[in-house]
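Number of protein chains: 4
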Amino acid sequence: MIVELGKPVHSLPYRVLYGDTDKAGVVYYGAYMRLFEAGRTEYLRNICGTSYSELEKQGIILPVTETYCRYKSSALYDELLEIQTAVTKITRVSIRFDYRIVHSDTGKLAVQGFTVHAAVDRSGKLMKLPESLKKLLAHS
Amino acid sequence: MIVELGKPVHSLPYRVLYGDTDKAGVVYYGAYMRLFEAGRTEYLRNICGTSYSELEKQGIILPVTETYCRYKSSALYDELLEIQTAVTKITRVSIRFDYRIVHSDTGKLAVQGFTVHAAVDRSGKLMKLPESLKKLLAHS
Amino acid sequence: MIVELGKPVHSLPYRVLYGDTDKAGVVYYGAYMRLFEAGRTEYLRNICGTSYSELEKQGIILPVTETYCRYKSSALYDELLEIQTAVTKITRVSIRFDYRIVHSDTGKLAVQGFTVHAAVDRSGKLMKLPESLKKLLAHS
Amino acid sequence: MIVELGKPVHSLPYRVLYGDTDKAGVVYYGAYMRLFEAGRTEYLRNICGTSYSELEKQGIILPVTETYCRYKSSALYDELLEIQTAVTKITRVSIRFDYRIVHSDTGKLAVQGFTVHAAVDRSGKLMKLPESLKKLLAHS
Numbered sequence: 002m003i004v005e006l007g008k009p010v011h012s013l014p015y016r017v018l019y020g021d022t023d024k025a026g027v028v029y030y031g032a033y034m035r036l037f038e039a040g041r042t043e044y045l046r047n048i049c050g051t052s053y054s055e056l057e058k059q060g061i062i063l064p065v066t067e068t069y070c071r072y073k074s075s076a077l078y079d080e081l082l083e084i085q086t087a088v089t090k091i092t093r094v095s096i097r098f099d100y101r102i103v104h105s106d107t108g109k110l111a112v113q114g115f116t117v118h119a120a121v122d123r124s125g126k127l128m129k130l131p132e133s134l135k136k137l138l139a140h141s
Numbered sequence: 002m003i004v005e006l007g008k009p010v011h012s013l014p015y016r017v018l019y020g021d022t023d024k025a026g027v028v029y030y031g032a033y034m035r036l037f038e039a040g041r042t043e044y045l046r047n048i049c050g051t052s053y054s055e056l057e058k059q060g061i062i063l064p065v066t067e068t069y070c071r072y073k074s075s076a077l078y079d080e081l082l083e084i085q086t087a088v089t090k091i092t093r094v095s096i097r098f099d100y101r102i103v104h105s106d107t108g109k110l111a112v113q114g115f116t117v118h119a120a121v122d123r124s125g126k127l128m129k130l131p132e133s134l135k136k137l138l139a140h141s
Numbered sequence: 002m003i004v005e006l007g008k009p010v011h012s013l014p015y016r017v018l019y020g021d022t023d024k025a026g027v028v029y030y031g032a033y034m035r036l037f038e039a040g041r042t043e044y045l046r047n048i049c050g051t052s053y054s055e056l057e058k059q060g061i062i063l064p065v066t067e068t069y070c071r072y073k074s075s076a077l078y079d080e081l082l083e084i085q086t087a088v089t090k091i092t093r094v095s096i097r098f099d100y101r102i103v104h105s106d107t108g109k110l111a112v113q114g115f116t117v118h119a120a121v122d123r124s125g126k127l128m129k130l131p132e133s134l135k136k137l138l139a140h141s
Numbered sequence: 002m003i004v005e006l007g008k009p010v011h012s013l014p015y016r017v018l019y020g021d022t023d024k025a026g027v028v029y030y031g032a033y034m035r036l037f038e039a040g041r042t043e044y045l046r047n048i049c050g051t052s053y054s055e056l057e058k059q060g061i062i063l064p065v066t067e068t069y070c071r072y073k074s075s076a077l078y079d080e081l082l083e084i085q086t087a088v089t090k091i092t093r094v095s096i097r098f099d100y101r102i103v104h105s106d107t108g109k110l111a112v113q114g115f116t117v118h119a120a121v122d123r124s125g126k127l128m129k130l131p132e133s134l135k136k137l138l139a140h141s
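This is the structure in structure tokens:
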């Protein structure tokens, strides 16, 4: 289920806030979904030369249809993490992003996961991935 | 700044989730904003006989313009809280809700605060509070 | 990957807050992790006759090691949802909870997913699931 | 109630995530509490030469006792904000941080607010602000 990230990979630093942690003293399991979002947003901006905001303006909405996360080692308050993001699969109707979040000081894996996205238009109707988007993802 | 709640007061039970807590083992200070929202939403539904969702459909949007919270005693994981909400001030252009969140078992105060809301129409333009809304709040 | 819930199933109502939604007007994909947590917490309390808080006091910590969620239909602001939770697998060292979150008015599926939990002691060391916990889960 | 920030001011850029927004299409009012936290954390690190994590290790805990926020203009998805933070008051037993969050492109104010913090030791007992901390804040 988990795949290698392939190339290119975008790296985004993230500093853990108090608000990300829970009473176990580590990052709450649900908080990683935001970090996945931050990772793929900056991937689109920095690797593909577009932005999700721009895609939305063009009427291309990419809702999450699936997400998975495996938790390997706890991330602590104030720790610096690195969110590694890559596009791992493109089909006619979906994109998959894979993520590895590692402890910046050691490079050790904290969590690993993916999100799958459909493409819908402004009315919420499913559509094929626009060729324009595929090109941006392919050139990445 | 803090005022008495007056009458009527709506009471809403809330069970603290792990996701509400932080590494200090208590509810994160920012998490109370959601509880204030839950309190005023159920106030509108149960005391005023409308709902914020219904008001939005009528083109009455009530964005928060101010919020204040004083933290008196920490709330713990899995603890049952009671969110007490009341409307404490209505002006031509704003509504103020006050909140007391207490520990259900002792009645002791956890936090106390308020939110102030303006009224805007669908285009985001400030407007006077509609008479229809004032009536619902007054009958409450 | 997705399995049937089996029996018993615990049902928990949940009203969607503004704070759960995002600019697409629907519940943010990451917000469901909190709802999964609420579901399994009340499962333990209401079906197993214990509580996660109680388990922690006994030194039994159940961190999430995996989570998966499939998004089927968007949940809207102020909508009433029903969180259905069941234990679907118990091994020597892990528990799996499955969740179905449905729209209360239609019973239609909003999201479906699972979490897998390991058992660790207070020092964070992996351990076998205690027999006492297995009994509570089996009697459920 | 709102005061000028004085000097020094620490500036922290922040990019708005989808997860920060709500169905009104703007940042959820409660989401700013995290941004205040990020602001004061980086103030302590970059202006005072310590970190909140380090203070906690020394047994100096600074829980929030009050927070206030005034909302002036909505922040949008994917917008770049600047979190400006300053220490505005130090008493024998408390510290106050003030925050201005501005739209990076125009410098226009989005929200303005403050947090007040007490000092407690590891057992949760209120204490006077340690002289060591006062020095770090004064040299800032």
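Residue numbers (the numbering used here), protein chains in the order written: chain R, 2 to 141; chain H, 2 to 141; chain E, 2 to 141; chain X, 2 to 141. For each residue, glycine too, the CB sits at the ideal point set by N, CA and C. Since the structure is predicted, the reported quantities are computational estimates derived from the model, not experimental observations.
request  = Identify, in the order they occur along the chain, each residue of the same chain with its Cβ nearer than 6 Å to the Cβ of R:Gly40, setting aside the five sequence neighbours on each side.
outcome  = Leu13, Ile84, Thr86, Tyr100
ask   = Residues bridged to R:Thr66 by DSSP?
value = According to DSSP, R:Thr66 bridges with nothing at all.
key: Contact belief for R:Val65 with E:Tyr19 at Cβ below 8 Å, rounded distance in angstroms   = Not a contact, Cβ separation roughly 20 Å.
query = Just the Cα atoms here: how many angstroms apart are X:Ser75 and X:Val112?
reply = Going by the C-alpha atoms only, they are around 8 Å apart.
query = Among H:Leu81, H:Cys70, H:Ser52, H:Tyr15, which one has its Cα closest to the Cα of H:Tyr30?
reply = Of the listed residues, the one whose Cα sits closest to H:Tyr30 is H:Cys70.
Within-7 Å CB hit, R:Arg35 to chain X = yes
message = I'd like to know if H:Arg71 contacts chain X, where contact means its C-beta is closer than 7 Å to some C-beta of that chain.
response = yes
inquiry  = Tell me which residue opens and which closes the alpha helix (DSSP H) that H:Leu56 is part of.
reply    = 53-58
message = I'd like to know whether the C-beta of R:Val10 is nearer than 7 Å to at least one C-beta of chain E.
response = It does not: the Cβ of R:Val10 has no partner Cβ on chain E nearer than 7 Å.
task = Quickly, what does DSSP pair H:Ser12 with across the bridge? List them, please.
result = Beta-bridge analysis with DSSP links H:Ser12 to H:Gln85.
query = So which residues on chain E does H:Ser54 lean against when the C-beta distance must stay under 8 Å?
reply = Tyr78, Asp79
query = Quick one: does X:Tyr15 have its CB under 7 Å from some CB of chain E?
reply = Not an interface residue.
query = Apart from the five residues on each side of it in sequence, which residues of its chain come closer than 7 Å, Cβ to Cβ, to H:Glu43?
reply = Close CB contacts of H:Glu43 within its chain, under the 7 Å cut and outside five residues either way in sequence, are with His11, Leu13 (chain order).
inquiry  = By DSSP's criteria, H:Ile96 is part of a beta bridge. Which residues make up the other side?
reply    = H:Ile91, H:His118
query = Using the beta-carbon count (16 or more within 10 Å), is E:Lys24 buried or exposed?
reply = buried
task = Below 8 Å on the Cβ atoms is my guess for X:Val145 versus X:Leu130; work out the distance and round it to an integer in Å.
result = Residue coverage of chain X in this structure runs from 2 to 141, which leaves residue 145 of chain X outside it and unanswerable.
message = Buried or exposed, going by whether 16 or more other CB atoms sit within 10 Å of the CB of X:Ile61?
response = buried
ask   = Taking 6 Å as the cut-off, does the CB of R:Ser105 come closer than this to any heavy atom belonging to the ligand GDP?
value = As far as ligands go, the structure on display features none, and thus does not contain the ligand GDP.
query = DSSP puts X:Ile102 in a beta bridge; with which residues?
reply = According to DSSP, X:Ile102 bridges with X:Ile84, X:Val112.
request  = In the DSSP assignment, find the alpha helix (DSSP H) that holds E:Tyr46 and state where it starts and stops.
outcome  = The amino acid occupying residue 46 of chain E in the given sequence is Arg; Tyr does not appear at that position. Element bounds for E:Arg46: 33-47.
C-beta neighbour in chain E for H:Gly20, strict 7 Å = yes
key: CB-CB length for H:Tyr15 against H:Leu36, believed under 8 Å   = The pair is a contact, with the Cβ atoms about 6 Å apart (cut-off 8 Å).
task = Please report the Cβ distance between X:Thr89 and X:Leu6, rounded to the nearest whole angstrom; I am assuming they are in contact, meaning their Cβ atoms lie under 8 Å.
result = Contact check for X:Thr89 and X:Leu6: beta-carbon distance about 7 Å, within the 8 Å limit, so the pair qualifies.
query = Of all the residues that make up the segment 43-68 of chain E, which are near chain R by a beta-carbon distance shorter than 8 Å?
reply = Taking a C-beta cut-off of 8 Å against chain R, the contacting residues of the segment 43-68 of chain E are Ile62, Pro64, Val65, Thr66, Glu67, Thr68, listed in chain order.
ask   = Can you tell which of R:His118, R:Asp79, R:Tyr78, R:Asn47 has its C-alpha closest to the C-alpha of R:Thr68?
value = For the residues R:His118, R:Asp79, R:Tyr78, R:Asn47, the minimum Cα distance to R:Thr68 belongs to R:His118.
Through-space distance from E:Ile96 to H:Leu110, alpha-carbon basis = 37 Å
inquiry  = Can you tell me whether R:Leu138 is helix, strand or coil according to DSSP?
reply    = helix
inquiry  = Taking its Cβ as the centre, do 16 or more other Cβ atoms sit within 10 Å of E:Asp122, making it buried, or is it exposed?
reply    = Exposure of E:Asp122 is indicated by the presence of fewer than 16 other C-beta atoms within 10 angstroms of its C-beta.
ask   = Does any CB atom of chain R fall closer than 7 Å to the CB of E:Tyr30?
value = yes
query = Which same chain residues, not among the five before or five after X:Met128, have their C-beta less than 7 Å away from its C-beta?
reply = Ala120, Val121, Asp122.
ask   = Under a CB-based cut-off of 7 Å, is R:Glu83 close to chain X?
value = no
query = Buried or exposed: where does X:Thr198 fall if 16 or more other Cβ atoms within 10 Å of its Cβ makes it buried?
reply = Since the first and last residues shown for chain X are 2 and 141, residue 198 of chain X lies out of range.
key: C-beta atoms of E:Leu82 and E:Ile102 nearer than 7 Å   = yes
request  = Using the DSSP secondary-structure output, state which residues sit across from E:Arg71 in a beta bridge.
outcome  = R:Glu67, E:Gln113
ask   = Along chain X, which residues have their Cβ under 7 Å away from the Cβ of R:Ala39?
value = Leu18
request  = Identify the contact partners of X:Gly26 in chain E, using a Cβ-Cβ distance below 7 Å as the criterion.
outcome  = Lys24
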